[in-house]
Amino acid sequence: MRQLIKRSLRIRLLGIILISLTTGLLIVGVTSYFQFRDFLYSRVERELQNYTDLSLFYLNMDKFVQKDIDYMKAYADSIAQILDCRCTL
């Protein structure tokens, strides 16, 4: 009878320990999940910000090229003339 009582107490104690561990791991897991989710959200937000900045840079570059297209054409023509002169020497 004593062995049966000791055994049932051990089983109950193991059950309590397992429940405590499971609850602790669940709490740690949920906390880790939220930290990981926040990390992913912040990383995606940074990547989108980089992409947005890059897009704005290219839009501004297009405006710059359209605004100064005559200057750019003259610059390209002068480089072509210099290269042409060097090739014919």
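The sequence shown begins at 424 in the numbering used here and counts up one residue at a time. Every residue, glycine too, gets a C-beta built ideally from N, C-alpha and C.
Rounded straight-line distance, which links the Cα of residue j to that of residue i
i, j, result
"Arg435", "Ser455", "30 Å"
"Asp470", "Ala497", "It should be pointed out that residue 470 corresponds to Glu in this sequence rather than to Asp. Spanning the two alpha carbons is a distance of roughly 38 Å."
"Glu468", "Gln504", "48 Å"
"Leu437", "Ser431", "10 Å"
"Tyr464", "Asn473", "14 Å"
"Ile439", "Ile428", "16 Å"
Spatial neighbours of residue i in its chain, beta-carbon cut-off 6 Å, leaving aside the 5 residues before and after
i, result
"Ile502", "none"
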